[in-house]
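For reference, the structure discussed in these notes is given below.
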DNA sequence: GTGGAGATGATTGAATTTGATTGAATATAA
DNA sequence: TTATATTCAATCAAATTCAATCATCTCCAC
C-alpha cells in the first residue's frame with residue numbers, strides 16, 4: 003500500500019498529488035485523502051494552495067490537471083517551437099546589420115536568437131528592453147544599453163510608460179522587433195498594453211523598423227495593436243502567402259523570406275513542419 | 003553506519019544532509035536528527051544555514067530539494083561568495099522595509115543579498131539598476147522596475163546619463179545603496195563616473211537613503227565621489243570605530259551595527275515595533 | 001590554568017498544521 | 001421544480017513544529 007505509516011510533509015504530499023493527477027487527469031478529494039492517508043480537510047487545503055499557485059485546476063469534488071490556457075506560452079517553450087525556422091529568420095536579419103550600427107533588440111525568441119549571433123560584428127551599440135537579450139550580450143564587447151521600465155515576467159521585457167523617457171533620448175539605426183501577431187490591417191499586436199506602448203515608442207525612434215516574425219504570427223491578431231498608423235520597413239519571415247506579400251510590397255515594405263534554400267545549409271526540414 | 007560515536011563536523015553533516023535529500027526529495031527534521039544522531043535544534047540550525055546559502059528549500063517539518071523554478075539559467079550567479087558579515091548587514095537592512103514600500107536597490111553584493119531576502123515581504127515596488135538583483139527578483143511577486151542606462155559589465159549595473167530621465171519620474175521610500183568606499187568627508191565613492199552619476203540621481207529621488215557597507219568600506223575613498231553635498235540617513239555596517247560613529251551621529255545619520263547577535267534582536271525589535 | 005568564541009542540546013512560548021465539526025453551497029435524482 | 005446527497009469553506013481544539021534563549025561543553029589562544 004502507499005500509506006506508509008509516517009506522516010507526510012506538505013511538500014511531499016503535493017508531489018504525490020501531482021503524481022495522482024498526472025496518472026489520471028482528474029482525481030477526487032476522497033481518493034487523495036484515502037491514497038495519502040489524511041483527512042479530506044487537509045486535502046482541500048492543499049488543493050487550494052496548489053490551485054493558487056497555478057499547479058492544478060480545482061473542480062467540485064476534486065482537482066483536474068491545469069489545461070494550457072495560457073495565451074502566451076512560456077519563454078522556454080517558445081524557444082523550442084520553430085527553432086529551425088527562427089534560426090533562419092535571425093540569420094537573414096543578421097545580414098542587415100553592419101559594424102558600428104546602433105540597433106534595438108525587442109523581446110521574443112526570434113530576436114533573442116539574433117542577439118546570439120552578434121559576436122560576428124564589431125563595435126555595435128545595442129539598445130534593448132529584453133532581459134534575455136541583455137543576459138546574452140552581457141559578456142559581449144559591444145556597447146549595451148537597456149531601456150528601463152516595468153518588468154513583465156512572461157516576456158522578460160521592460161515595458162510601460164517608464165520606458166518612454168529614455169527612448170526619447172536615443173535614436174537607433176535599425177530596430178529588430180518581435181511580435182505576437184501581425185496583420186496587414188493592424189500591424190503588430192501583442193497581449194499587453196504596456197508592451198504595445200513600448201513597441202510603439204521604439205519604432206518612433208528607429209530609422210528603420212525590421213520585424214522578425216515566423217509564419218505562425220502572420221495573419222494573427224492579438225489583444226492590443228501598436229496603434230493605427232503603424233510603420234514597418236522590412237519583414238523577415240520563413241514563409242508567406244503571395245497575397246499578403248503583394249499587399250506589403252504595395253506599402254513599400256520589403257519582404258525577406260528566409261526559406262530553406264535561402265540558407266541552403268539547413269535542408270530536409272521535417273515535412274510536417276510545412277503544414 | 004550513521005551514528006558512529008564521534009561528533010560530526012558541520013561540513014560533514016551538511017554533506018550527509020544533502021545526501022539524504024538527494025535520495026528522497028523530501029526529508030523531515032526528525033529523520034535527519036535520527037540519522038545523524040544529533041538534536042533537532044542543531045538540525046534546524048543547519049537547515050537554516052543551508053537554506054540561506056540556497057542549497058535547499060526549507061519546508062515546515064523538514065527540507066526539500068531546491069527546485070529550479072526558473073527555466074533560464076540566471077544571469078551569472080557565479081560569484082556566490084557567501085559572507086556572514088554581509089548577510090548580517092542585509093538582514094538588519096531587511097527590518098527597515100515594510101509591506102507596500104517602494105524601494106530602490108543599488109548594485110553590490112550586500113544589496114544583492116538583501117534582494118534575496120525580500121520574499122518575506124508583501125507587495126513591494128522594487129526599483130533597481132542592478133541586473134543581478136533583477137535576475138534574483140524575476141520570479142518574485144513584487145512589482146519590479148528597472149532603470150535604464152548603459153550596462154556596466156564589471157558591476158552588472160545600468161549607469162550613466164541615460165538612467166537619469168527615468169529616475170526623474172519616480173520617487174522611492176527607501177534607497178538601499180552599495181558603495182566601493184565611504185568617508186565622512188566625501189561620502190560614497192566608486193570607480194566609475196557614470197556609476198557615481200547614477201547613484202547621485204537615485205539619492206536625489208529617495209525619501210530615505212540607506213547605505214549598506216561592511217567595515218572594509220568605511221574610511222576608504224575610491225576614484226569618484228557622488229558629489230560634494232552628499233546625504234545619508236542610515237548606515238548599516240558590521241563594525242565601526244567610535245570616532246566615526248560619533249561623527250556620523252552628529253550629522254543625524256543613524257548607525258546600525260549588525261553584529262553577531264544583533265540580527266536576531268533587530269528582527270525581534272521591528273516585529274514588535276510593527277504592531 | 002583562564003577566558004572567550006563557537007557549538008550543542010534542552011526548554012519555552014509562539015506559530016503552524018491537522019482533523020473534526022458545522023452550516024452553507026453545489027450537484028444529482030426524482 | 002423539489003428533495004436528497006455531496007462537497008465546500010469556516011471554525012476550533014489538539015498536536016506538531018518553529019525560533020529564540022539559556023546553560024553547558026569544547027576548543028583554542030593567551
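Chains as they are written, first to last, in my numbering: chain A, 3 to 277; chain B, 3 to 277.
We treat Cβ as the ideally placed atom computed from N, Cα and C, and that holds for glycine.
When you compare each of the options to residue i by their alpha carbons, which one comes out closest?
i, options, result
"residue 225 (chain B)", "B:163, B:255, B:192", "B:192"
"residue 148 (chain A)", "B:154, B:143, B:146, B:235", "B:154"
"residue 229 (chain B)", "B:185, B:93, B:240, B:95", "B:185"
"residue 112 (chain B)", "B:143, B:170, B:93", "B:93"
"residue 170 (chain A)", "A:202, A:24, A:196", "A:202"
"residue 219 (chain B)", "B:207, B:233, B:237, B:205", "B:237"
"residue 69 (chain B)", "B:215, B:23, B:234", "B:23"
"residue 206 (chain B)", "B:196, B:233, B:215", "B:233"
"residue 33 (chain A)", "A:253, A:249, A:64", "A:64"
Run the CB neighbour count on residue i, radius 10 Å, all protein chains shown included, and call it buried at 16 or more, exposed below.
i, result
"residue 99 (chain B)", "buried"
"residue 187 (chain A)", "exposed"
"residue 30 (chain B)", "buried"
"residue 342 (chain A)", "The displayed coordinates of chain A run from 3 to 277. Any statement about residue 342 (chain A) would go beyond what the structure contains."
"residue 13 (chain B)", "exposed"
"residue 10 (chain A)", "buried"
"residue 245 (chain A)", "exposed"
"residue 2 (chain B)", "Because chain B spans 3 through 277 in this model, residue 2 (chain B) falls outside it and cannot be assessed."
"residue 141 (chain A)", "exposed"
"residue 16 (chain A)", "buried"
"residue 194 (chain A)", "buried"
"residue 221 (chain B)", "exposed"
"residue 253 (chain B)", "exposed"
Are the beta-carbon atoms belonging to residue i and residue j less than 9 Å from one another?
i, j, result
"residue 110 (chain B)", "residue 180 (chain B)", "yes"
"residue 95 (chain B)", "residue 258 (chain B)", "yes"
"residue 38 (chain B)", "residue 18 (chain B)", "yes"
"residue 260 (chain B)", "residue 128 (chain B)", "no"
"residue 103 (chain A)", "residue 123 (chain A)", "yes"
"residue 183 (chain B)", "residue 223 (chain B)", "yes"
"residue 133 (chain A)", "residue 133 (chain B)", "yes"
"residue 168 (chain A)", "residue 168 (chain B)", "yes"
Spatial neighbours of residue i within its chain, please: CB distance less than 7 Å, with the 5 preceding and 5 following residues excluded, ordered by chain position.
i, result
"residue 35 (chain A)", "41, 42, 45"
"residue 2 (chain B)", "No answer is possible for residue 2 (chain B): the residues shown for chain B start at 3 and end at 277."
"residue 272 (chain B)", "At residue 272 (chain B), the pLDDT of 35 sits below 50, so the modelled position is not reliable and the matter cannot be decided from this model."
"residue 101 (chain A)", "123, 124, 125"
"residue 251 (chain A)", "257"
"residue 249 (chain A)", "186"
Within a Cβ cutoff of 8 Å, which residues of the same chain sit near residue i, ignoring the five residues on either side of it in sequence?
i, result
"residue 217 (chain B)", "87, 239, 240, 241, 242"
"residue 227 (chain A)", "188, 189, 190, 191, 198"
"residue 27 (chain B)", "66, 67"
"residue 72 (chain A)", "In this predicted model, residue 72 (chain A) has a pLDDT of only 42, less than 50, meaning its place in the structure is not dependable; the value taken from the coordinates is given anyway. Around residue 72 (chain A): no qualifying Cβ."
"residue 105 (chain A)", "99, 126, 127, 128, 129, 174, 175, 176, 177, 178"
Could you check if residue i belongs to the surroundings of the ligand MN, using beta carbon to heavy atom distance under 8 Å?
i, result
"residue 259 (chain A)", "This structure lacks the ligand MN, and indeed carries no ligand of any kind."
Got a sec? Which residues, its chain only, sit under 6 Å from residue i by beta carbon, not counting five neighbours each side?
i, result
"residue 144 (chain A)", "126, 128"
"residue 53 (chain A)", "60"
"residue 215 (chain B)", "181, 184, 239"
"residue 196 (chain A)", "161, 162"
"residue 1 (chain B)", "Outside the shown range of chain B (3 to 277) lies residue 1 (chain B), about which nothing can therefore be said."
"residue 146 (chain B)", "128, 139"
"residue 247 (chain A)", "257"
"residue 20 (chain A)", "none"
*Do the segment 116 to 123 of chain B and the segment 137 to 153 of chain A meet, that is, are 3 or more Cβ pairs less than 8 Å apart?*
no
*Please confirm if the segment 84 to 95 of chain A is in contact with the segment 52 to 62 of chain A, defined as three or more CB-CB distances below 8 Å between the two stretches.*
no
*May I ask you to verify whether the segment 169 to 188 of chain B touches the segment 203 to 218 of chain B, counting CB pairs closer than 8 Å and requiring at least 3?*
yes
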